[in-house]
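Residues in the sequence shown are numbered from 401 upward in steps of one, following this note's numbering. Cβ atoms here follow ideal geometry from the backbone N, Cα and C, with glycine treated the same way. What follows is a single structure, written as structure tokens, with notes after it.
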Amino acid sequence: MAQRSPMSMRSSEASEMICRKDIADLMDRCVGCGACRDVCPSYRHGGCDPLEVMAGNIEKAKGCLTCGLCNDVCGSTIPKKVMMYAACIANDVKIPQTFYDTGYNLPPASVEGLPVPDYDEDSDDVLMPGCLTVAMAPYLEYSAVEALRIVGNDVRRFDGGCCTYPIPYRSMSDGDRDAMKHRIADDQNIRQMFNICPGCRDEMSSVCDTDHVIGPLHRNIDVIKGLKGIDLKVASLPGCSLRHHREEFSDIIEACGCTVVDVEQGCCGKAVPGISEKIMRERQDSLKDVDAVIVGCPSCFARYDAFEGGVSVLYITELVCLAAGDDTTFHKNKL
401 MAQRSPMSMR SSEASEMICR KDIADLMDRC VGCGACRDVC PSYRHGGCDP
451 LEVMAGNIEK AKGCLTCGLC NDVCGSTIPK KVMMYAACIA NDVKIPQTFY
501 DTGYNLPPAS VEGLPVPDYD EDSDDVLMPG CLTVAMAPYL EYSAVEALRI
551 VGNDVRRFDG GCCTYPIPYR SMSDGDRDAM KHRIADDQNI RQMFNICPGC
601 RDEMSSVCDT DHVIGPLHRN IDVIKGLKGI DLKVASLPGC SLRHHREEFS
651 DIIEACGCTV VDVEQGCCGK AVPGISEKIM RERQDSLKDV DAVIVGCPSC
701 FARYDAFEGG VSVLYITELV CLAAGDDTTF HKNKL
């Protein structure tokens, strides 16, 4: 495809919708190569069109999965940032009332009858559960605390709420979002933050030291190798935001005693009507010969676990707990 200036293709209506100069500047830097379109899982199924968005057609951001694969192939600009902003505008999404009521982007689920995480309130390190964990799989919080304890990291709970990663917050400037993140982190006296959600890790990194839970697990992998272990044949699917840490992720899985089967990597489909179902079906079709799929993202966990008749799913900290002989959370899983 020939290079072209996206700004020259924008309609006046689109220009009015693009009210942030930083976003317009990123769109201007697009050279029109189409690489973003080639790797976009949503586009392949009739969803969003990142190339059209970069050219000014904001409406084509509907169906964006926020997977960030477009960023991996673009050497000119930051298409994911544009796509998330455009998706916010095109879908006319607002910061939800539940954020003002609870601090989370999604309504927290009931924890009645679920195992209680053994937090250490005197620790300088914190665990941020994140909106998706709190809303969709709150028992993952227990497994994360226990897995961290197994490798020598006691944590207290971060009660600051949402990290501002979700699309509804993308109409805000980066400065305003950073200010919001600073406010939710104030007075927490954080030395180190660990995250269940990789999106939270990326967002909170601008205000404190952050690390996804696979960080301390991998640094202490010899401890995991010394556990009882569990013999499973599994697929290693860390999730879009952890795609650059696949090797460490698989190392942890193998240290638990499992055999990693080579399968196609890909997005879980998130929660985009008409697109998610097609993408999850693709993922399931590639997982016929495994006992379970191991994930590092609570969104992936929720999507795989909700797929009727699909392969069993374990979050990475659940696998570590299982290798240690702790099956406390598995009453909720399909395994």
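Residue range of the beta strand (DSSP E) that includes residue i
i, result
"ALA635", "633-637"
"MET484", "Not the beta strand (DSSP E): MET484 falls in the alpha helix (DSSP H), residues 479-490."
"LEU506", "Where LEU506 is concerned, there is no enclosing beta strand (DSSP E), given that its DSSP letter is neither H nor E."
"VAL713", "712-715"
"ASP611", "610-612"
"MET528", "525-528"
"ALA692", "692-695"
"THR728", "Neither: THR728 is in no beta strand (DSSP E) and is coded neither H nor E."
"MET593", "592-595"
"VAL805", "Lying before the first or after the last residue shown, residue 805 is absent from the chain, which here runs from 401 to 735."
Straight-line gap, residue i to residue j (C-alpha atoms, nearest Å)
i, j, result
"GLU648", "GLY709", "29 Å"
"LEU514", "ILE567", "30 Å"
"CYS563", "ASP602", "9 Å"
"VAL690", "GLY626", "24 Å"
"ASN620", "ASP428", "45 Å"
"SER523", "GLY669", "36 Å"
"TYR704", "PRO673", "16 Å"
"ALA509", "THR533", "9 Å"
"CYS700", "THR610", "21 Å"
"VAL720", "ARG591", "24 Å"
"GLY530", "LEU506", "10 Å"
"VAL526", "THR729", "21 Å"
"MET409", "MET604", "Confidence at MET409 is low in this model, with a pLDDT of 47, below 50, so its placement is unreliable and the value that follows should be read with caution. Roughly 36 Å separates the two Cα atoms."
"GLN665", "ARG583", "37 Å"
"CYS470", "ALA702", "24 Å"
"MET401", "CYS488", "Note that MET401 has pLDDT 38, beneath the 50 cutoff, so the model's placement of it is unreliable and no number is given."
"ILE679", "GLU459", "21 Å"
"ARG570", "LYS421", "14 Å"
"ILE495", "VAL634", "38 Å"
"ALA723", "ASP492", "45 Å"
"GLU512", "LYS688", "34 Å"
"PHE594", "VAL660", "25 Å"
"GLN684", "ALA671", "16 Å"
"SER636", "GLY468", "19 Å"
"GLU677", "LEU451", "23 Å"
"ASP727", "ASN589", "33 Å"
"CYS419", "VAL516", "46 Å"
"ALA535", "CYS640", "20 Å"
Integer Cβ distance of residue i from residue j, believed to fall under 8 Å
i, j, result
"ALA585", "VAL607", "5 Å"
"LYS480", "THR466", "7 Å"
"GLY725", "LYS628", "5 Å"
"ILE750", "GLY657", "Nothing in the structure corresponds to residue 750, since the chain is present only between 401 and 735."
"ASP518", "ARG549", "7 Å"
"ALA692", "VAL711", "6 Å"
Beta-carbon proximity list for residue i, same chain, < 8 Å, skipping 5 on both sides
i, result
"ILE614", "PRO638, LEU642, HIS645, GLU648, PHE649, ILE652, GLY696, ILE716"
"MET407", "Residue placement at MET407 cannot be trusted, given a pLDDT of 42 that sits under 50; what the coordinates show is reported in the next sentence. Taken in chain order, the residues that qualify are ALA424, MET427, ASP428, GLY456."
"ASP438", "VAL473"
"LYS581", "CYS563, THR564, GLU603, MET604, SER606, VAL607"
Start-to-end residues for the alpha helix (DSSP H) that takes in residue i
i, result
"ASN471", "469-473"
"VAL439", "435-439"
"THR533", "531-536"
"VAL545", "540-550"
"ALA455", "Looking at the DSSP string, ALA455 is not in any alpha helix (DSSP H), and its letter there is neither H nor E."
"ASP578", "574-585"
"ARG646", "646-655"
"ASP422", "421-428"
"PRO698", "698-706"
"ILE495", "Per DSSP, ILE495 belongs to no alpha helix (DSSP H) and is neither H nor E."
Residues near residue i by beta carbon distance below 6 Å, same chain, minus five either side
i, result
"ILE675", "SER442, HIS445, GLY447, GLY463"
"ASP367", "The structure shown has nothing for residue 367, since the chain only spans 401 to 735."
"TYR565", "GLY599, GLU603"
"ALA655", "ILE621, ILE624, LYS625"
"ALA461", "CYS448, VAL453, MET483, ALA486, ALA487, ALA490"
"ASP559", "none"
"ASP578", "SER606"
"LEU714", "ALA692, ILE694"
"GLY561", "GLY503, TYR504, ILE584"
Sequence-distant residues of its chain with Cβ nearer than 7 Å to residue i (five each side left out)
i, result
"CYS430", "PRO406, MET454, SER476, THR477"
"ALA547", "VAL613, LEU617, THR717, VAL720, CYS721"
"ALA544", "LEU527, ILE596, VAL613, THR717"
"SER686", "VAL663, GLU664"
"LEU632", "CYS658, ASP691, ALA692"
"PHE707", "MET680, GLN684"
"GLU682", "GLY666"
"ARG556", "TYR519, ASP520, GLU521, SER523, VAL526"
Cβ of residue i within 8 Å of any chain B Cβ
i, result
"SER605", "Of the chains in the structure shown, none is chain B; there is only one protein chain."
Cβ-heavy atom distance, residue i to the ligand MG, below 7 Å
i, result
"LYS628", "This structure lacks the ligand MG; in fact it carries no ligand of any kind."
Quiz prompt | Stretch pair the stretch 493-509 + the stretch 424-437: three plus CB contacts closer than 8 Å | solution = no
Practice problem: Assess, as a yes-or-no matter, whether the stretch 534-552 is touched by the stretch 568-578 under the definition of 3 or more beta carbon pairs within less than 8 Å. | Solution: no
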